[in-house]
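From first to last, the protein sequence lines are chains A and B. Residues 3 to 159 (the numbering used here) make up the first sequence, in order. Residues 3 to 159 (the numbering used here) make up the second sequence, in order. Note that the Cβ used here is the ideal one computed from N, Cα and C, for glycine as well. Here is the structure we will look at, set down as structure tokens.
There are 2 protein chains.
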Amino acid sequence: MTASDKHPDPAPSRSDARALIAACGGRVTRTRIAVVETLQASAHPLSHDEVGAALAAADIPHDRVTLYRALDWLVEQGIGRRIASGERAWRFEIAHGEEHRHAHFHCERCGQIVCLDDVPATTTPPLPAGFELDRAELVLHGACADCGRRHVQASKR
Amino acid sequence: MTASDKHPDPAPSRSDARALIAACGGRVTRTRIAVVETLQASAHPLSHDEVGAALAAADIPHDRVTLYRALDWLVEQGIGRRIASGERAWRFEIAHGEEHRHAHFHCERCGQIVCLDDVPATTTPPLPAGFELDRAELVLHGACADCGRRHVQASKR
DNA sequence: TCACTGATGCTACAATGTTGCATCAGCATC
DNA sequence: GATGCTGATGCAACATTGTAGCATCAGTGA
Chain A
3 MTASDKHPDP APSRSDARAL IAACGGRVTR TRIAVVETLQ ASAHPLSHDE VGAALAAADI
63 PHDRVTLYRA LDWLVEQGIG RRIASGERAW RFEIAHGEEH RHAHFHCERC GQIVCLDDVP
123 ATTTPPLPAG FELDRAELVL HGACADCGRR HVQASKR
Chain B
3 MTASDKHPDP APSRSDARAL IAACGGRVTR TRIAVVETLQ ASAHPLSHDE VGAALAAADI
63 PHDRVTLYRA LDWLVEQGIG RRIASGERAW RFEIAHGEEH RHAHFHCERC GQIVCLDDVP
123 ATTTPPLPAG FELDRAELVL HGACADCGRR HVQASKR
């Protein structure tokens, strides 16, 4: 993986993950460190399953339920963010503060989720009286560059 | 249910539902008619489960799988629209054309989804090169008027 | 090193959605 | 109105995603 694959904001490192977790008052465990590092190293939000696969690839033993709980804990602490991708499963990414809340693009051909760092998800729409806005989620659906290209080529044949 | 509870656009009626289904070349069946009428009569998107409950209340026999297939078919034909509410289950509403595509509000206290007819979901954001936009989904999360009020009252005590 | 307690790793279960297949019923035709 | 074709239905089984309960393990402070 190259630097350009990574999220632009933080330079992920083992000590960063440990510090991040410890700062929240949680225990610094193998699973949590690995989950944070996996999310930090990914350019796009990962599903629970993808995080699990990454841990397995790194030979880090883990349990499905523990992973759910670790991800939930990260979201609860504000370290992580949960995204409804439009598919059934949640996806998770590292939170970079409210001001960095961005829209996501969901490719309906390959299922990939891409962060649109330039497209803010925060809006101040006219809500009915009495409604309180907590956060906005903007998900764009379509075809990513790779899939769109493949589709054009296929239809040309 | 009063008129103000209903979606503003079409005046739902049995013949409407039949015509809508027949116009797509599909067979006009008991289940499909009931599903279309249920969605038309609702002011907000319904989950599969809620549609099933409505059919049960109307004494219309139906199967869970048939309901899934009927809803899928409606979406496929452009009669219905599928919404990822942020919870695990899909929700469905009657589609009123692309120009009526609107944002939705998800109340995190009562789980209700409200259509924000005045807030368009369509945007033309700056996408990376090669990306093709199909549709945008904007979901706002927070507390609806009822829940927000209850919360304020509870915290005053 | 020890004790406390939060985190983990099991099993079991719930909710939501899908697949395969035999049967039924809508619709066109006669 | 009777008939046949085929799409729609109903049922059982299964897949995926997420949650609950509980015994055990391990991080952390003393």
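Burial state of residue i, where buried means 16 or more other Cβ atoms lie within 10 Å
| i | result |
| --- | --- |
| B:E89 | exposed |
| B:P130 | exposed |
| A:D7 | Low confidence applies to A:D7: its pLDDT is 43, below 50, so where it sits in the model is not reliable, and the reading given next is rough at best. With fewer than 16 Cβ atoms within 10 Å of its Cβ, A:D7 is classed as exposed. |
| A:G54 | buried |
| A:V166 | Summary: the structure shown does not reach residue 166 of chain A, with chain A confined to residues 3 through 159, and so no result is reported for it. |
| B:P128 | exposed |
| A:C149 | buried |
| A:M3 | Because the pLDDT of A:M3 is 41, which lies under 50, any placement of that residue in the model is unreliable, and the number read from its coordinates should be weighed accordingly. With fewer than 16 other Cβ atoms within 10 Å, it is exposed. |
| B:I35 | buried |
| A:P12 | Note on A:P12: pLDDT 42, under 50, position unreliable in the model; the coordinate value appears next. It counts as exposed. |
| B:C26 | exposed |
| B:A5 | Unreliable placement is indicated for B:A5, whose pLDDT of 38 sits below 50; no coordinate value is reported for it. |
| B:R83 | buried |
| A:A138 | buried |
| A:A21 | exposed |
| A:Q123 | Checking the displayed sequence, the identity of residue 123 of chain A turns out to be Ala instead of Gln. With 16 or more other Cβ atoms within 10 Å, it is buried. |
| B:A60 | exposed |
| B:A105 | buried |
Bridge-paired residues (DSSP) for residue i
| i | result |
| --- | --- |
| B:R83 | B:E95 |
| B:S44 | DSSP, once it has assigned bridges, lists no residue as partnering B:S44. |
| A:V116 | A:F107 |
| B:P127 | Beta-bridge pairing links B:P127 to no other residue. |
Residue nearest to residue i in terms of C-alpha spacing, selected from the options
| i | options | result |
| --- | --- | --- |
| B:T40 | B:T126, B:V30, B:A56 | B:A56 |
| B:I62 | B:C117, B:V37, B:V77 | B:V37 |
| A:R32 | A:G144, A:A72, A:R83, A:P47 | A:A72 |
| B:I81 | B:A59, B:R66, B:A97 | B:A97 |
| B:A24 | B:R111, B:R93, B:D120, B:Q79 | B:Q79 |
| A:I144 | A:L22, A:F107, A:L48, A:A91 | It should be noted that the sequence gives Gly, not Ile, for residue 144 of chain A. Checking every option, the nearest Cα to that of A:G144 belongs to A:F107. |
| B:W92 | B:H102, B:D74, B:H104 | B:D74 |
| A:D119 | A:C109, A:H102, A:T126, A:L135 | A:H102 |
| A:Q42 | A:G28, A:A19, A:A60 | A:A19 |
| B:S49 | B:L140, B:G113, B:F133, B:E139 | B:G113 |
| B:L142 | B:V121, B:V30, B:S44 | B:V121 |
| A:Y70 | A:E52, A:A59, A:A147 | A:E52 |
| A:H46 | A:A60, A:C117, A:A123 | A:C117 |
| A:I136 | B:E110, B:V30, B:D136 | A quick correction: the sequence has Asp, not Ile, at residue 136 of chain A. Among B:E110, B:V30, B:D136, the Cα nearest to that of A:D136 belongs to B:E110. |
| B:I85 | B:A59, B:G28, B:T126, B:I115 | B:I115 |
| B:F94 | B:V77, B:L140, B:F133 | B:V77 |
| B:L140 | A:S87, A:C146, A:V30 | A:S87 |
Extent of the continuous beta strand (DSSP E) run through residue i
| i | result |
| --- | --- |
| A:A60 | It is not in any beta strand (DSSP E) - A:A60 carries neither H nor E in the DSSP assignment. |
| A:V141 | 134-145 |
Looking at chain A, which residues of the region 124-136 of chain B have a Cβ within less than 8 Å of any of its Cβ atoms? Within the region 124-136 of chain B, the residues whose Cβ lies closer than 8 Å to some Cβ of chain A are T125, P127, P128, L129, P130, A131, G132, F133, E134, L135, D136, listed in chain order.
Closer than 7 Å between beta carbons: that is the criterion. Which residues of the region 28-48 of chain B meet it against chain A? none
Mind checking the region 71-95 of chain B against chain A and listing, in chain order, the residues whose C-beta falls within less than 7 Å of any C-beta there? A86, G88, R90
Any residues in the region 98-110 of chain A with a beta carbon nearer than 8 Å to a beta carbon of chain B? Which ones, in chain order? Within the region 98-110 of chain A, contact with chain B at the beta-carbon level (separation under 8 Å) is assigned to A105, F107, E110.
If you measure beta-carbon to beta-carbon, which residues of the region 111-123 of chain B are closer than 8 Å to chain A? Those would be V116, L118, D120, V121, in chain order.
Taking only beta carbons into account, state which residues of the region 137-148 of chain B come closer than 9 Å to chain A, listed in chain order. Residues R137, A138, E139, L140, V141, L142, H143, G144, A145, C146, A147, D148.
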